[in-house]
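To start, the structure itself, in structure tokens.
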Amino acid sequence: MQPRILEVRQKVLKNNDTLARQMRDGFRAAGVFVVSLVSSPGAGKTTLLRETLRLLNQSHRVAALVGDLATENDARRLAESGAPVRQIITGTVCHLEAAMVESALKEWNLGPLDYLFIENVGNLVCPASYDLGEDLRIVLLSTPEGEDKPLKYPTIFNTADVAIITKSDLSDAVDFDRAAALCNIQDVRPSMRVLEVSTKTGAGMPQWLELLEDARRTRAPRPEEAAAHVV
Amino acid sequence: MHELSIANDLVELVEAELVRAGAARATRVTVRLGAWCGVVPQLLRSAFAPAVAGTRLQGAALVLEVVPAVIWCENCDAEQALHPAVYIMRCPRCGQRAGPLIRGRELEVACVEVLDAAANFGSSPEGVEEQ
Numbered sequence: 002m003q004p005r006i007l008e009v010r011q012k013v014l015k016n017n018d019t020l021a022r023q024m025r026d027g028f029r030a031a032g033v034f035v036v037s038l039v040s041s042p043g044a045g046k047t048t049l050l051r052e053t054l055r056l057l058n059q060s061h062r063v064a065a066l067v068g069d070l071a072t073e074n075d076a077r078r079l080a081e082s083g084a085p086v087r088q089i090i091t092g093t094v095c096h097l098e099a100a101m102v103e104s105a106l107k108e109w110n111l112g113p114l115d116y117l118f119i120e121n122v123g124n125l126v127c128p129a130s131y132d133l134g135e136d137l138r139i140v141l142l143s144t145p146e147g148e149d150k151p152l153k154y155p156t157i158f159n160t161a162d163v164a165i166i167t168k169s170d171l172s173d174a175v176d177f178d179r180a181a182a183l184c185n186i187q188d189v190r191p192s193m194r195v196l197e198v199s200t201k202t203g204a205g206m207p208q209w210l211e212l213l214e215d216a217r218r219t220r221a222p223r224p225e226e227a228a229a230h231v232v
Numbered sequence: 002m003h004e005l006s007i008a009n010d011l012v013e014l015v016e017a018e019l020v021r022a023g024a025a026r027a028t029r030v031t032v033r034l035g036a037w038c039g040v041v042p043q044l045l046r047s048a049f050a051p052a053v054a055g056t057r058l059q060g061a062a063l064v065l066e067v068v069p070a071v072i073w074c075e076n077c078d079a080e081q082a083l084h085p086a087v088y089i090m091r092c093p094r095c096g097q098r099a100g101p102l103i104r105g106r107e108l109e110v111a112c113v114e115v116l117d118a119a120a121n122f123g124s125s126p127e128g129v130e131e132q
């Protein structure tokens, strides 16, 4: 008996992608705008998110999920903003997947929410491959990390929508080459929107909130959604 | 990247296809890996044998087809393939900044060679055949 060939043509991560798409539809139906944050560990995701929640909480209904391998420390920090927060403990998994987010959102009525933020596990590699159903993906790069980070981790920058350079107040102290960083970001992700913020001084925060509100109002499809029809 | 986890997802996908096709086992799995998909081919190859052990893919050969990253260059009015080790989104021909990636993020099972239940006699390959 001869072996036969099965034409498969299926994505290895199709389960995640299918679920993420369903979740995206659900988020849109509920009217909640979902923003995820990725970065290396220590780039300032939690601090930026805590400040963002605190500021938005004054005029909007916001909530957050945060993923870590261990501890509930980040959820506690984020909860200082006054917004409802849930922690996802991944154990040994180095990134969040759609199923983890779906599970964490069980019995959570998202209808009343304007924003849901998802803070990914600190990791510049693996999260790039996993759609979480978000509307906007933000990649953070802190000034102490250096300006060539985008060149070293092109995929995570290339699959994000907006880059935020954090800890801008430390720029001089760490000899951060701002021009080179901006050029490097454009090299791996042409036309990427880039913001620079400092949660310490407040610099750039109004622009960040404005970007969020603009995006929520217009809710343009993410590049991945458009590309899904091409690749 | 966590290639073993990816290999496990791959096994699950192929097992489901075997059930759908009413086949007994897989003898060859062809995977298309885009240059920008984040998975290292050699690491996926290493993770394949442990992932298929005890499954209906045990002993199957793994064929990896690497798909180069391709961008569209407006200046050249053509598709251009990026050099394998280069992650800069610039046209390799004219240097102009390029638009989004057209190809190169694939991580998919292209096809699977299978044997049906009646073909259980005969030698079965031990281990993973290197391609």
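Order-wise, the sequence lines are chains Y and R.
Residues in the first sequence are numbered consecutively from 2, following this note's numbering.
Residues in the second sequence are numbered consecutively from 2, following this note's numbering.
Glycine residues also receive a C-beta, built at the ideal position from the N, C-alpha and C atoms.
For the region 52-120 of chain R, the full-length beta strand (DSSP E) segments reaching 3 residues or more read 62-68, 71-74, 79-82, 102-104 and 108-116 along the chain. For K150/Y, no CB of chain R lies under 7 Å from its own CB, so it is not counted at the interface with that chain. Around the beta carbon of I6/Y, fewer than 16 other beta carbons lie within 10 angstroms, which makes this residue exposed.
Here G55/R is exposed: its Cβ has fewer than 16 other Cβ atoms, across all protein chains shown, within 10 Å. For I89/R, the nearest beta carbon of chain Y is closer than 7 Å to its own beta carbon. In the DSSP assignment, K168/Y falls outside any beta strand (DSSP E), carrying neither H nor E.
By the beta-carbon neighbour count (other beta carbons within 10 angstroms, threshold 16), L70/Y is exposed.
Secondary structure in the region 14-46 of chain R: the beta strand (DSSP E) runs of 3 residues or longer, each lying completely within the stretch, are 26-35 in chain order.
Going by C-alpha positions, K168/Y is about 46 Å away from V53/R. Neighbours of G39/R across chain Y, judged by C-beta separation under 8 Å: V126, C127, A129, S130 and T156.
One alpha carbon belongs to V94/Y, the other to A50/R, and they sit about 21 Å apart. Burial check for S40/Y: the Cβ neighbour count within 10 Å reaches 16 or more, so the residue is buried. Of the candidates D117/R, V113/R and E107/R, the residue whose Cα lies closest to the Cα of K12/Y is E107/R.
Judged by DSSP secondary structure, R217/Y falls within the alpha helix (DSSP H) whose first and last residues are M206 to T219.
Assigned with DSSP and collapsed to three states, V198/Y falls in coil, not helix or strand. Nearest neighbour of D78/R by Cα position, chosen from A99/R, A86/R and A62/R, turns out to be A99/R. Contacts between V64/R and chain Y, judged by CB atoms closer than 7 Å, are missing: the closest CB pair is about 12 Å apart. Comparing C-alpha distances from V86/Y to each of L111/Y, A100/Y, E98/Y and P42/Y shows the shortest one belongs to L111/Y. The region 174-188 of chain Y and the region 200-213 of chain Y do not touch, with fewer than three beta-carbon pairs separated by less than 8 Å. The DSSP-derived three-state label of G92/Y is coil. Secondary structure note for F118/Y: its beta strand (DSSP E) is the uninterrupted segment Y116 to E120.
Judged by DSSP in its simplified three-state form, A71/Y adopts coil rather than helix or strand.
Closer than 8 Å at the C-beta level to chain R, one finds these residues of the region 12-35 of chain Y: K12, V13, L14, K15 and N16. According to the DSSP assignment, L54/Y belongs to no beta strand (DSSP E) but to the alpha helix (DSSP H) extending over K46 to L57. In this model, S47/R and L5/R are separated by some 8 Å (Cα to Cα).
DSSP places Q3/Y outside both helix and strand once states are collapsed to three, so it counts as coil. Using beta-carbon distances, V9/Y counts as an interface residue toward chain R, with a partner under 7 Å.
Per the coordinates, the alpha-carbon of L38/Y lies some 43 Å from the alpha-carbon of G23/R.
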